[in-house]
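These protein sequences, in sequence, are chains A and B. Every letter in the first sequence is one number past the one before it in full-length UniProt numbering, and letter 40, counting from 1, is 40. Every letter in the second sequence is one number past the one before it in full-length UniProt numbering, and letter 17, counting from 1, is 17. Even glycine gets a Cβ: it sits at the ideal position worked out from N, Cα and C. Everything numeric in this text was worked out from a predicted model, so none of it was measured. Encoded as structure tokens, the structure appears first; notes follow it.
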Amino acid sequence: MKTLSNVLYITSPEVYLSLDGENVVVRKDEHTSTRLPLHNLENIVCFNWQGVSPALMGACAERGIGLAFLSPNGRFLGRVTGKVYGNVLLRKKQYLISEHESQCVPIASSFLIGKIYNSRKVIERALRDHGLLVDKDTLGRASAFLKEILKGLTTCKHIPELMAFEGSAAKIYFSVFDQLILQQKEDFHFEERSRRPPLDNMNSLLSFLYTLLTNEAMSALEAVGLDPYVGFLHADRPGRPSLALDLMEELRPVFADRLALSLVNRKQITGKGFTQKESGGILMDDDTRKTVITAWQERKKEEIEHPYLKERIPFGLIPHVQALLLARYLRGDLDAYPPFFWN
Amino acid sequence: MMVLITYDVNTETDEGKKRLRKVAKACQDYGQRVQNSVFECVIDPARLRILQAKLEKLIDKKKDSLRYYYLGDEWKNRVEHVGAKPSFDLTGTLIA
């Protein structure tokens with residue numbers, strides 16, 4: 001089994017990264033620099049302006065270390081991709097299946113079953129842990145509704161039908177999301193999902209976590225040799241990593257939504273860490289971003305038993321395991337793609 | 001796992017000084033320099049074999065010595081630092 005290596009996050013804008021031997025050298029100014037051996041890393045995520053030396057880009061590409069560039073406010077800019085991993089037969093199979101709706105439907109519905117199951121789990125958890133603080137009836141109804149949708153999904157024959165089910169599931173899920181925020185209500189509330197730009201603190205936090213997750217999903221897919229841009233549920237569009245978005249669906253509630261709620265409910269972040277821009281968009285400040293990244297990294301180290309593999313793995317390897325299972329299904333080694341069910 | 005690598009390379013000759021530089025460089029590729037000839041490496045067993053092979057080729061076994069201390073996965077309980085030049089935790093959250 002693959003081991004979970006570390007991720008280097010560069011959040012100071014004035015930092016420059018370069019390569020020395022087998023080390024990444026993080027240079028702040030002439031005197032301060034930190035060296036990290038490359039073999040300890042599996043991803044480098046840069047939020048800096050100065051960038052990375054071409055030699056380091058090459059070294060990362062060669063070793064399969066993901067290198068992603070994001071703007072200092074967290075918008076995804078690009079990734080360095082090296083040699084294509086895996087084999088061409090797998091990718092051809094992926095393209096072939098993506099052309100036939102009837103073959104996409106079982107995979108797409110697996111992703112959505114995972115997503116809705118996990119969203120429901122988020123609601124059920126709040127009911128279980130904070131039964132006295134939340135509106136039991138509304139949450140109970142939402143949970144029952146999601147359960148019905150799960151049943152409906154299994155009979156879908158077409159992608160638009162699936163999308164319609166997912167739309168109503170998302171609507172009901174996000175309509176009760178505000179109730180899951182138990183603390184700091186004056187600073188964190190949720191009415192509806194807004195993005196590009198996110199219009200309130202909670203949306204800003206969710207968007208940032210989704211960006212981190214997209215990056216992990218893309219790295220995982222590339223590492224098993226799949227093309228992150230050819231999806232089964234999300235339609236192809238230039239520049240859109242459709243398969244990464246597909247894979248994320250089932251992981252969003254567990255990785256991002258739940259983490260966002262914990263950060264707010266445990267008061268690890270506060271409303272002071274967010275500022276509004278002229279455009280109306282909300283931005284996180286550096287300290288808040290660091291807190292979020294730290295929590296994200298800690299989360300990835302927690303161990304769980306994978307429901308399908310029945311093996312204990314760190315949380316952070318789930319995207320990789322799911323990508324691997326998807327590749328196995330495409331190769332014909334599995335009868336169906338098993339979504340990740342969070343327990 | 002964590003492996004502590006320490007070396008003593010005889011630098012009386014130019015040849016020795018050259019070996020010292022090479023050994024230091026090889027160690028630096030895989031770990032963090034915590035003191036002059038002491039490196040901490042968070043490394044998997046396969047990579048460690050590669051590093052050991054490299055180092056053992058570089059040194060002159062009649063004059064120099066290498067020591068490996070295997071600290072395992074629970075090394076954090078076994079390492080304590082006092083004084084200047086604190087190291088950073090390669091397995092912790094890395095934010096720069």
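query	result
Below-7 angstroms beta-carbon distance, L90 (chain B) vs any chain A residue	yes
Own chain partners of T288 (chain A) with C-beta closer than 6 angstroms, once the 5 adjacent residues on each side are dropped	I269, G273
Below-7 angstroms beta-carbon distance, H39 (chain A) vs any chain B residue	yes
Cβ neighbour criterion (16 or more within 10 Å) applied to residue 97 (chain B)	Here chain B covers residues 1 to 96 and nothing more, so residue 97 (chain B) does not appear.
Assumed close pair L247 (chain A), A217 (chain A) - CB separation to whole angstroms, cut-off 8 angstroms	5 angstroms
Proximity below 7 angstroms, CB of P253 (chain A) to CB of N118 (chain A)	yes
Under 7 angstroms between C-beta atoms of F111 (chain A) and E249 (chain A)	yes
Beta-bridge pairing of T34 (chain A) - partner residues as DSSP gives them	A:V26
Neighbour list for Q297 (chain A) in chain B, Cβ cutoff strictly below 9 angstroms	G92, T93, L94, I95
Contact list for Y30 (chain B) against chain A, beta-carbon separation under 8 angstroms	E22, P37, H39
For C27 (chain B), three-class secondary structure by DSSP	helix
Contact set between I313 (chain A) and chain B, taken where Cβ atoms lie within less than 7 angstroms	Those within 7 angstroms of I313 (chain A) in chain B number zero; the least Cβ separation is about 16 angstroms.
Integer Cβ distance of L51 (chain B) from Y30 (chain B), believed to fall under 8 angstroms	5 angstroms
Residues that R47 (chain B) contacts on chain A, provided the C-beta gap is smaller than 9 angstroms	H39
CB of H306 (chain A) within 7 angstroms of CB of K2 (chain A), strictly	no
Helix, strand or coil at Q52 (chain B) [DSSP, three-state]	helix
C-alpha distance - C46 (chain A) paired with D286 (chain A), whole-angstrom precision	13 angstroms
Simplified DSSP assignment, three categories, for F232 (chain A)	coil
Buried/exposed call for K115 (chain A), threshold 16 Cβ in 10 Å	buried
Beta-carbon gap between F255 (chain A) and L213 (chain A) smaller than 7 angstroms	yes
Outcome for Y95 (chain A) when other beta-carbon atoms lying within 10 angstroms are tallied against a minimum of 16	exposed
Within chain B, partners of K290 (chain A) - CB distance below 7 angstroms	I95
Chain A contacts from the stretch 58–77 of chain B (Cβ-Cβ distance under 7 angstroms)	none
Close-in-space but distant-in-sequence residues of the same chain around K267 (chain A) (CB under 8 angstroms, 5 per side omitted)	Q183, Q184
Near-chain A residues of the stretch 16–29 of chain B - C-beta to any C-beta below 7 angstroms	K25, Q28, D29
Cutoff 7 angstroms: I65 (chain A) Cβ touching any chain B Cβ	no
Below-7 angstroms beta-carbon distance, V42 (chain B) vs any chain A residue	yes
Contact with chain B by A26 (chain A), beta-carbon distance below 7 angstroms	The sequence shown places Val at residue 26 (chain A), rather than the Ala named in the question. At least one chain B Cβ lies under 7 angstroms of V26 (chain A).
Any non-hydrogen atom of the ligand ZN closer than 6 angstroms to L199 (chain A) Cβ	As far as ligands go, the structure on display features none, and thus does not contain the ligand ZN.
Nearest neighbour of D135 (chain A), chosen from A:E161, A:F177, A:E99 [CA to CA]	A:F177
Residues bridged to E305 (chain A) [DSSP beta-bridge criterion]	A:R312
Residue closest to L17 (chain A), alpha-carbon to alpha-carbon, out of A:L199, A:Q179, A:A142, A:T32	A:T32
Contact set between T11 (chain A) and chain B, taken where Cβ atoms lie within less than 8 angstroms	I95, A96
Nearest-angstrom Cβ-Cβ length linking V3 (chain B) and V23 (chain B), presumed shorter than 8 angstroms	Contact doesn't hold; Cβ gap of about 15 angstroms is too wide.
Which of helix, strand or coil DSSP assigns to F145 (chain A)	helix
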